[in-house]
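Contents: one structure, followed by commentary.
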Amino acid sequence: VQTPPPIPARIVNISKSVSLNEGESVTLYCLAVGRPEPTVTWRNQKYGMVSDGEFLDIATIRRDQAEDYECITHNGVAPPDQQKVRITVNYPPMITDMKNLPVNLGKTAILRCEAMAVPPATFEWYRDDHRYHSTFITCTNTTQERFVPFKEFRERFCKFVQFW
Numbered sequence: 001v002q003t004p005p006p007i008p009a010r011i012v013n014i015s016k017s018v019s020l021n022e023g024e025s026v027t028l029y030c031l032a033v034g035r036p037e038p039t040v041t042w043r044n045q046k047y048g049m050v051s052d053g054e055f056l057d058i059a060t061i062r063r064d065q066a067e068d069y070e071c072i073t074h075n076g077v078a079p080p081d082q083q084k085v086r087i088t089v090n091y092p093p094m095i096t097d098m099k100n101l102p103v104n105l106g107k108t109a110i111l112r113c114e115a116m117a118v119p120p121a122t123f124e125w126y127r128d129d130h131r132y133h134s135t136f137i138t139c140t141n142t143t144q145e146r147f148v149p150f151k152e153f154r155e156r157f158c159k160f161v162q163f164w
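Here UniProt numbering is used: the sequence shown runs in plain steps of one and ends on residue 164.
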């Protein structure tokens, strides 16, 4: 009886990177072939080994689970074959920094509105319930408005207008 020759493990089909909303579920797959039959494991940097087997199920995904997940297949014939799948988790803006600072009449005031969101949120500035355009600087997930109050002080606020 002749024994068939060993064949190194290799991944033949794997999930594509995926983007989903926080709270949704996802199933990743990683199909491998080889002789002897290879083992398949899923792991990532933060959690280490996440799952044994071709499928990785994540129910009710959280924003902190957004990262690369690596499928590793091995059968002892050659070095393991591995491929990554990226999971992006979308979530609405959450204000992380908003400061109210006193300012003297005629001096430059800086209002800052900062939030975390995926994808990044778009901001608009409002004064007295009316949207207005001003000289503002937009950075990643941050908006600032500079103005010089000459006659009066009015309440100003930022509003998130685009997400998900």
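Idealized CB from N, CA, C, for every residue including glycine.
Listed as beta-bridge partners of Ile95 by DSSP are Ala115. Contact between Thr73 and Ile11 is confirmed by a C-beta separation of about 6 Å, below the 8 Å threshold.
Proximity to Glu24 across Thr88, Phe123 and Leu31 peaks at Thr88, based on C-alpha coordinates. Secondary structure within the region 26-103: the beta strand (DSSP E) runs of 3 or more consecutive residues, fully enclosed, are 26-35, 39-44, 48-52, 55-58, 68-74 and 81-99 (chain order). Going by beta carbons, Ser17 and Val85 fall inside the 9 Å limit. Only buried fits Pro38, as 16 or more other CB atoms lie within 10 angstroms of its CB. Gly53 and Asn90 have their C-alpha atoms some 27 Å from each other. Our two residues, Gln83 and Cys71, have alpha carbons roughly 5 Å apart in a direct line. Under DSSP, Ser19 forms a beta bridge with Thr88. Here Pro36 is exposed, its C-beta having fewer than 16 other C-beta atoms within 10 Å. When the beta-carbon positions are compared, Ala9 and Gly34 come within less than 9 Å of each other. Within the same chain, and ignoring the five residues on either side of Ser15 in sequence, the residues whose Cβ sits closer than 6 Å to its Cβ are Leu28, Tyr29 and Val85. Its chain contains Arg35 as the residues whose beta carbon lies nearer than 8 Å to that of Pro4, once the 5 sequence neighbours on both sides are disregarded; these appear in chain order.
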